[in-house]
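Residue numbers (the numbering used here), protein chains in the order written: chain A, 98 to 365; chain B, 3 to 569. Just so you know, even glycine gets a beta-carbon here, dropped at the ideal spot from N, CA and C.
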Amino acid sequence: MQSPLHDHLIQSEPFYQPSGQEVECYERAYRHRMPLMLKGPTGCGKTRFVEYMAWKLQRPLVTLACNEDMTASDLVGRYLLDAQGTAWHDGPLTLAVRYGGICYLDEVVEARQDTTVVIHPLTDARRILPLDKKGEVIHAHPDFQLVVSYNPGYQSSAKDMKASTRQRFAALEFDYPDTDTEVAIVAQEAGIDAVLARQLVTVAQCTRALKQRGLDEGASTRVLVYAGILVRDGLTPAQSCEMTLVRALTDDPDMAKAIRDFVQAQFG
Amino acid sequence: MKDDLSAHLVNPDADVIDGLLPSLNWLSSGLFGKPLVVAESTGGPRARRTIITREQVLLSRQALEDAVAPASALYRATVAHAVAHLLYSSLKQPARVLKPMSQAVVSAIEDARVERLLARRYPGVSDWFLEHLAPVPEAGNFSFEALMARMDRAIADPGYTDDNHWVNKARRLFEETQCHRGLGDAPAFRAVASILANDLGQMRVRFDPQHHVVPAPYRDDHSILWQHDEDAQDEQQSIAAPRSAPMRAAAVPPPSVDSAQEVRPQAEVELSRTLHAEWHHRLGLWRRDWCTVVEKLPALAAAKLKHTNPLLHHTFSPVSLHRVRRLSRRQRLRRQWEGEDIDLNAAIEVLMDRRLDLQPEPRLFMRPGRETGASRILVLLDLSESTNDLSVAHGVSLLDIEKQAAFLLAEATLHTHDCVAVHGFNSNTRAEVSYYRLLEWGEPLDDSARDRLASVPARHSTRLGAALRQATSHLMAQPGRHRGLLVVTDGAPSDVDVFDPDYLVEDARMAVQQANRAGIRTFCLAVDPAADRYVRRIFGWRDHGIAADASHLPVQLQRAFVRLAAG
Numbered sequence: 098m099q100s101p102l103h104d105h106l107i108q109s110e111p112f113y114q115p116s117g118q119e120v121e122c123y124e125r126a127y128r129h130r131m132p133l134m135l136k137g138p139t140g141c142g143k144t145r146f147v148e149y150m151a152w153k154l155q156r157p158l159v160t161l162a163c164n165e166d167m168t169a170s171d172l173v174g175r176y177l178l179d180a181q182g183t184a185w186h187d188g189p190l191t192l193a194v195r196y197g198g199i200c201y202l203d204e205v206v207e208a209r210q211d212t213t214v215v216i217h218p219l220t221d222a223r224r225i226l227p228l229d230k231k232g233e234v235i236h237a238h239p240d241f242q243l244v245v246s247y248n249p250g251y252q253s254s255a256k257d258m259k260a261s262t263r264q265r266f267a268a269l270e271f272d273y274p275d276t277d278t279e280v281a282i283v284a285q286e287a288g289i290d291a292v293l294a295r296q297l298v299t300v301a302q303c304t305r306a307l308k309q310r311g312l313d314e315g316a317s318t319r320v321l322v323y324a325g326i327l328v329r330d331g332l333t334p335a336q337s338c339e340m341t342l343v344r345a346l347t348d349d350p351d352m353a354k355a356i357r358d359f360v361q362a363q364f365g
Numbered sequence: 003m004k005d006d007l008s009a010h011l012v013n014p015d016a017d018v019i020d021g022l023l024p025s026l027n028w029l030s031s032g033l034f035g036k037p038l039v040v041a042e043s044t045g046g047p048r049a050r051r052t053i054i055t056r057e058q059v060l061l062s063r064q065a066l067e068d069a070v071a072p073a074s075a076l077y078r079a080t081v082a083h084a085v086a087h088l089l090y091s092s093l094k095q096p097a098r099v100l101k102p103m104s105q106a107v108v109s110a111i112e113d114a115r116v117e118r119l120l121a122r123r124y125p126g127v128s129d130w131f132l133e134h135l136a137p138v139p140e141a142g143n144f145s146f147e148a149l150m151a152r153m154d155r156a157i158a159d160p161g162y163t164d165d166n167h168w169v170n171k172a173r174r175l176f177e178e179t180q181c182h183r184g185l186g187d188a189p190a191f192r193a194v195a196s197i198l199a200n201d202l203g204q205m206r207v208r209f210d211p212q213h214h215v216v217p218a219p220y221r222d223d224h225s226i227l228w229q230h231d232e233d234a235q236d237e238q239q240s241i242a243a244p245r246s247a248p249m250r251a252a253a254v255p256p257p258s259v260d261s262a263q264e265v266r267p268q269a270e271v272e273l274s275r276t277l278h279a280e281w282h283h284r285l286g287l288w289r290r291d292w293c294t295v296v297e298k299l300p301a302l303a304a305a306k307l308k309h310t311n312p313l314l315h316h317t318f319s320p321v322s323l324h325r326v327r328r329l330s331r332r333q334r335l336r337r338q339w340e341g342e343d344i345d346l347n348a349a350i351e352v353l354m355d356r357r358l359d360l361q362p363e364p365r366l367f368m369r370p371g372r373e374t375g376a377s378r379i380l381v382l383l384d385l386s387e388s389t390n391d392l393s394v395a396h397g398v399s400l401l402d403i404e405k406q407a408a409f410l411l412a413e414a415t416l417h418t419h420d421c422v423a424v425h426g427f428n429s430n431t432r433a434e435v436s437y438y439r440l441l442e443w444g445e446p447l448d449d450s451a452r453d454r455l456a457s458v459p460a461r462h463s464t465r466l467g468a469a470l471r472q473a474t475s476h477l478m479a480q481p482g483r484h485r486g487l488l489v490v491t492d493g494a495p496s497d498v499d500v501f502d503p504d505y506l507v508e509d510a511r512m513a514v515q516q517a518n519r520a521g522i523r524t525f526c527l528a529v530d531p532a533a534d535r536y537v538r539r540i541f542g543w544r545d546h547g548i549a550a551d552a553s554h555l556p557v558q559l560q561r562a563f564v565r566l567a568a569g
């Protein structure tokens, strides 16, 4: 019988350009099924990295984007009504625990703290998931691993992770790659030449200098890829950057003008 | 865009520069890669060109009169030129060894060199510079300024042709040096400039250092490049540019003297005295009962006059606060389409409907509802002497802007469940840390509240830690779980009886940690471009914001408030 996680297997290799020792570090952590926390600004490649590692390790990847409305039931499962009465339906976390996948909780601090505590028994030596409503205790599959990501610089109402949750994870810190690596990534992902990619990266570096001085975050590698794709498709760099950088990064007209000037300083 | 120049010429008071400053500040920091403040120079009519310092670009309003393009384009080029110098020039070289004319030529060649270097990183800026070069002088004009203007254009514009031998020699030497030595080799370019200056001497070209102005209006006055001796002899010889700096200092308006202060105010009303401990970071010990915090109400007699000050009311537009929403377990929403749990009553009805062959009601889940408001935020204003300084760009003191921003915030919260108090502090040694209670929790903004806010003076120093502890004690007496302390300051903690610059910073850091441990969130807004070095240390890497310009304060204060209120 096909595993319920078969659809979660990643079939083709996702493009990922390592910028350090992170691949080796992840492999070593996975050898011990150690829970991992990926930290870094938005759009710097955290999610892509997990996809790449899941593909490399040939494990199904169950991804969940956390939000403040998410409850413990959304993770572990709930009873639903059917013709015979109530029936238990496993949540995504439970599926990964039962059948041995990598469960990736994206932006985990967005979830409420009473939701995140359900991962505690999974992330210590016990490796169990008690389903109290069902009266079942699931012992995690030997291949199961939990990975969470969060953006420590996020300037909204985000709360910090509780120390009791935080200390259950080994952490890998991500940042925007160095200039040459980022140029290679943008060129490859957007299908543009390195000269244009380098110009886009320089614009992004200007915006990153404004972090906490008007911008919550500078332009991410992801938006540079978007900008490159639109240029490849026929827009001028100025039009493309207007859509993907200027308008996307800010609503403030003065800040928009400053970003537009960065674009013009690069593309004339 | 042409309009803003013409508006300026028709009406000299039109505030062209003010409107451009926010985006120029961001442009400068983005291009430079680190904070670089852009402000307007107050150097008077003699400051014909922009002045650059290591931290600031002071724009000249007079440069606009020499420009043919709109102000926004001119100052954009000015900012890029300043960034080029700060990134690539050797600053403050000794000027004594050069004659004034050589200095002017070396500076012009240096301008061209750093602009080309900047254009390698930002190719689009070449057009910005080209657009604002001085117009080509008449054919028969062989004055120093005319030759320099032609040389600037010959080097910057490959399409320009000139019939003057010296100009063409300058272009050829510049290109050859770039080709053989590279743009990074500043001494090689300086040697080229010396040759060119020597040629001008041979040509008997007259140079008047007293009246020399750099031809291109977007370029700076070169005072950043040279270190001049301060003795009188050298000053006589030096070109006009370096004099800008002392002139600028003299032109800064005196600290604000409000008409209210001329009237002798009634005495302040003392409410209480509290002793607080202070942390000595070197000895690692608490000094018990070290600081005396005196709670006061400001003298109201002065207020009546200040109250008429229009600045206090309508400079900034009112702020609107987003309603903060939090999930609450106390409110359970029943009969929902989806949710965490099954609503048992609804489930029973579904089963009954099924047996009766009726269409069951699909809404049978429960989920937690939302709770709103009830945050308690204390806004703590720095009332030290430095907040009296007038903002270069706006002619209003930071104190006034602080007060307006706090007032607008309090006004905005009147329509929400949140509650705001506004307090202020300053210090005159540890024996007297004055703590002013300007607006109490949820107090209506009537005339007496306005007067109190308007009349509080700014003086003395900033003993932040003691004030933070006092504010924390007020917040702890407030009910509710969402309590926050929002500090607005303009400089590092300091006091006249403290000589170790780290002492009060470390004490304030301990005070913030104490507040956080008591469940009070803290956030600091610093109106000081150089605040990085201390606010981060005191409030942590995330709980601070830096406003490069005081005019950003109301908006940033509102954002900080929403952030704190969200818990």
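- Residues of chain B whose Cβ lies closer than 7 Å to the Cβ of Gln363 (chain A) are, in chain order, Tyr124, Pro125, Gly126.
- Chain A places no beta carbon closer than 8 Å to that of Val507 (chain B), leaving this residue out of the contacts.
- The continuous alpha helix (DSSP H) containing Tyr505 (chain B) extends over residues 503–519.
- Interface annotation, Thr220 (chain A): not in contact with chain B, CB-CB separation never under 8 Å.
- Under the DSSP assignment, Lys354 (chain A) falls in the alpha helix (DSSP H) whose first and last residues are 350–364.
- The Cβ of Met352 (chain A) sits closer than 8 Å to at least one Cβ of chain B.
- The beta carbons of Gly174 (chain A) and Thr160 (chain A) sit about 17 Å from each other, so the pair does not count as a contact at 8 Å.
- Contact note: Gly188 (chain A) does not reach chain B at a C-beta cutoff of 7 Å; the least C-beta distance is about 11 Å.
- Contact of Cys303 (chain A) with chain B by beta-carbon distance below 7 Å involves Gly32, Leu33.
- In its chain, beyond the 5 residues on either side, Ala169, Leu172, Val173 have a beta carbon closer than 7 Å to the beta carbon of Val215 (chain A).
- Assignment of beta-bridge partners to Met368 (chain B) by DSSP yields B:Asp343.
- Listed in chain order, the non-local C-beta contacts of Val328 (chain A) below 8 Å within the same chain comprise Ala287, Ile289, Leu293, Pro334, Ser337, local neighbours out to five positions each way being set aside.
- In terms of beta-carbon proximity, Tyr113 (chain A) stays away from the interface with chain B, with every pair separated by 8 Å or more.
- Looking at the DSSP output, Lys298 (chain B) sits in a beta bridge with B:Glu272, B:Tyr438.
- Residues Tyr273, Val298, Thr318 of the same chain have their beta carbon placed closer than 7 Å to that of Glu279 (chain A), with the five preceding and five following residues left out of the count.
- Counting C-beta atoms within 10 angstroms of its own C-beta, Val271 (chain B) has fewer than 16 neighbours from the protein chains shown and is therefore classed as exposed.
- DSSP, read as helix, strand or coil, puts Glu339 (chain A) in helix.
- Per DSSP, the unbroken alpha helix (DSSP H) holding Ile403 (chain B) starts and ends at 400–415.
- The three-state secondary structure of Lys143 (chain A), taken from DSSP, is helix.
- Excluding five sequence positions before and after Ser92 (chain B), the CB atoms of its chain that fall closer than 7 Å to its own CB belong to Ala188, given in chain order.
- In this structure, DSSP gives Trp168 (chain B) a helical state, which the three-state scheme calls helix.
- Membership of Tyr127 (chain A) in the alpha helix (DSSP H) is indicated by the continuous run 119–128.
- Here the segment 134–142 of chain B makes contact with the segment 152–170 of chain B; the two share three or more CB pairs at distances below 8 Å.
- As DSSP reads the structure, Asn428 (chain B) sits in a beta bridge with B:Ser436.
- If you compare the alpha carbons of B:Pro459, B:Ile379, B:Arg221 with that of Thr418 (chain B), the shortest gap goes to B:Ile379.
- Sequence-ordered contacts of the segment 93–111 of chain B with chain A are nonexistent [C-beta pairs closer than 9 Å].
- Listed as beta-bridge partners of Thr183 (chain A) by DSSP are A:Leu178.
- Neighbours of Pro556 (chain B) in chain A, taken as residues whose beta carbon is under 9 Å from its own, are absent, since the nearest beta carbon is some 13 Å off.
- In this structure Leu135 (chain A) is in contact with Ser246 (chain A), their Cβ atoms being roughly 4 Å apart against a cut-off of 8 Å.
- Glu342 (chain B) has its alpha-carbon roughly 42 Å from the corresponding atom of Arg539 (chain B).
- Chain-ordered, the chain A residues with CB closer than 9 Å to the CB of Glu342 (chain B) read Thr168, Ala169, Ser170, Asp171, Arg175.
- The C-alpha of Leu133 (chain A) is placed about 54 Å away from the C-alpha of Asp17 (chain B).
- Val18 (chain B) is outside the set of residues whose beta carbon lies under 8 Å from a beta carbon in chain A.
- About 14 Å separates the Cβ atoms of Ala301 (chain A) and Ala284 (chain A), ruling out a contact at the 8 Å cut-off.
- Exclusion of the five residues before and after Thr341 (chain A) leaves Val320, Tyr323, Ala324 as the residues of its chain whose Cβ lies within less than 6 Å of its Cβ.
- Nearest Cα to Asp502 (chain B) within the set B:Ala451, B:Leu360, B:Trp281: B:Trp281.
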